[in-house]
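What follows is a single structure, written as structure tokens, with notes after it.
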Amino acid sequence: MKYDVKPVLRSRPRRNRSTESVRQMVRETVLLPSNFILPLFVCEGKGIAEPIKSMPGQARLSVDRLVVKAKEARAAGIPAIALFPKIDDAKKDSFAKESFNRDGLLPRAIRELKNAVPELTVISDVAMDPYSTDGHDGLVRDGKILNDETLPILAQMALCQAEAGADWIAPSDMMDGRVGYLRRALDENGYSDRSILAYTAKYASAFYGPFREALDSAPKAGDKKTYQMDPGNRREALREALLDAKEGADILMVKPALAYLDVISELRRQTTLPIAAYQVSGEYAMIMAAAEKGWIDGPRAMMESLIGIRRAGASMILSYYALEAVKNL
Ligand code: PBG
Numbered sequence: 002m003k004y005d006v007k008p009v010l011r012s013r014p015r016r017n018r019s020t021e022s023v024r025q026m027v028r029e030t031v032l033l034p035s036n037f038i039l040p041l042f043v044c045e046g047k048g049i050a051e052p053i054k055s056m057p058g059q060a061r062l063s064v065d066r067l068v069v070k071a072k073e074a075r076a077a078g079i080p081a082i083a084l085f086p087k088i089d090d091a092k093k094d095s096f097a098k099e100s101f102n103r104d105g106l107l108p109r110a111i112r113e114l115k116n117a118v119p120e121l122t123v124i125s126d127v128a129m130d131p132y133s134t135d136g137h138d139g140l141v142r143d144g145k146i147l148n149d150e151t152l153p154i155l156a157q158m159a160l161c162q163a164e165a166g167a168d169w170i171a172p173s174d175m176m177d178g179r180v181g182y183l184r185r186a187l188d189e190n191g192y193s194d195r196s197i198l199a200y201t202a203k204y205a206s207a208f209y210g211p212f213r214e215a216l217d218s219a220p221k222a223g224d225k226k227t228y229q230m231d232p233g234n235r236r237e238a239l240r241e242a243l244l245d246a247k248e249g250a251d252i253l254m255v256k257p258a259l260a261y262l263d264v265i266s267e268l269r270r271q272t273t274l275p276i277a278a279y280q281v282s283g284e285y286a287m288i289m290a291a292a293e294k295g296w297i298d299g300p301r302a303m304m305e306s307l308i309g310i311r312r313a314g315a316s317m318i319l320s321y322y323a324l325e326a327v328k329n330l
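In the numbering used here, the protein residues as written are 2 to 330.
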């Protein structure tokens, strides 16, 4: 059957996509170098860059190499890095005591960085898992993760990091009340100038797998479901956000990013604090692996994923791809 009535269209959205210059002018979301935070893994030794198998292109860096990387990030316009230490097994215990050793790996790294690249914002993670023989973010007793008993440990860890020069303290542990507890500890010790980047909505996610390999920090028993959030919940993220805001958080984070874009968007609309999103290790690994197989265009998939996170409402994105992303802009 033949049908060729001429359509009468007043609106033709394609006009706004017709050329690259038009597309540029109507683009609603752009990525800037200043939107990125680069997470880096630090290890003992000198001259070391130990590749992480499940995160192609990423490595555990000794402090000297870390400083070089940090300078590179800063030169590329990235304003901040987030640090994660690989602690030797011999230094782990059930109380994570190494996490408040002033001469420990992380405080040493922070000091070197603040010396070498003072204008770079240094973010340090607060949680017990990299330092704990149990591999949990909180203190374990009889198979239970204790909340209130964990808080003083987190506070000592945060103070040790602040003393070393960390600009932003980032509790990733998901214990109740930790933002207020850390805020008070910092203020009482003369660190009211340090910010708290709260891992507000951190989900119990399969996407942390490569990170746990990188730090050898997986839980020895059980899982993290009694403290990290259930992937089915969005309203609960808002509940956490309102609490963190009230307790004094400066920035709220959603993690992982890609599977939780609605949560980013919800927090963006319902709170006035800046929102950060963490494109976690598994999100990075997934795209890199498919690209290695030649199944997707890696850089394009990565940039699309990052702009989606920004479009959802994140002011800043923690991404292992940050340096490459900035080069692609
Ligand atoms: C530790 C912590 C984790 C990540 C950041 N901080 C792992 C976890 O909670 O098991 C994950 C980051 C990533 O996967 O890239 N509390």
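A virtual CB, placed ideally from N, CA and C, is assigned to each residue, including glycine. Remember, predicted model here, so these are calculated numbers, not experimental data.
- For glutamine 157, the enclosing alpha helix (DSSP H) starts and ends at 152 to 165.
- At a threshold of 8 Å, phenylalanine 208 counts as near ligand 1, since its beta carbon sits closer than that to one of the ligand's heavy atoms.
- Less than 9 Å separates the beta-carbon of serine 55 from that of serine 282.
- Per DSSP, reduced to three states, the secondary structure at glutamate 45 is coil, with no helix or strand assignment.
- Per DSSP, tyrosine 279 lies in no alpha helix (DSSP H); the unbroken beta strand (DSSP E) holding it starts and ends at 276 to 280.
- Secondary structure note for serine 22: its alpha helix (DSSP H) is the uninterrupted segment 21 to 27.
- Judged by their CB atoms, leucine 216 and lysine 87 are nearer to each other than the 9 Å cut-off.
- Taken in chain order, the complete alpha helix (DSSP H) segments of 4 or more residues contained in the stretch 77 to 143 are 106 to 117.
- Here lysine 256 carries a strand assignment [DSSP, helix/strand/coil].
- The alpha carbon of isoleucine 38 has as its nearest neighbour, out of Ser12, Thr227, Asp177, Glu73, the alpha carbon of Glu73.
- The residues Asp130, Ser218, Ala219, Pro220, Lys221, in chain order, have a CB closer than 6 Å to that of glycine 136 in the same chain once the five nearest residues on each side in sequence are set aside.
- At a Cβ-Cβ threshold of 9 Å, aspartate 224 and alanine 205 count as neighbours.
- In terms of Cβ geometry, alanine 277 and isoleucine 308 do not form a close pair [threshold 9 Å].
- For proline 172, the enclosing beta strand (DSSP E) has its first and last residue at 169 to 172.
- Boundaries for proline 34: no beta strand (DSSP E) harbours it, and the DSSP string shows neither H nor E there.
- Close CB contacts of threonine 227 within its chain, under the 7 Å cut and outside five residues either way in sequence, are with Ile146 (chain order).
- Inter-segment contact for the stretch 249 to 266 and the stretch 164 to 184 is present: three or more beta-carbon pairs are separated by less than 8 Å.
- Within the chosen limit of 8 Å, ligand 1 reaches the beta carbon of phenylalanine 212 through at least one heavy atom.
- Threonine 151 sits buried, since 16 or more C-beta atoms from the chains shown fall within 10 Å of its C-beta.
- Rounded to the nearest whole angstrom, the C-alpha separation of leucine 198 and leucine 10 is 49 Å.
- Per DSSP, alanine 313 is one residue of the alpha helix (DSSP H) stretching across 299 to 313.
- The distance from the Cβ of valine 118 to that of isoleucine 170 is about 19 Å, inconsistent with a contact at the 8 Å cut-off.
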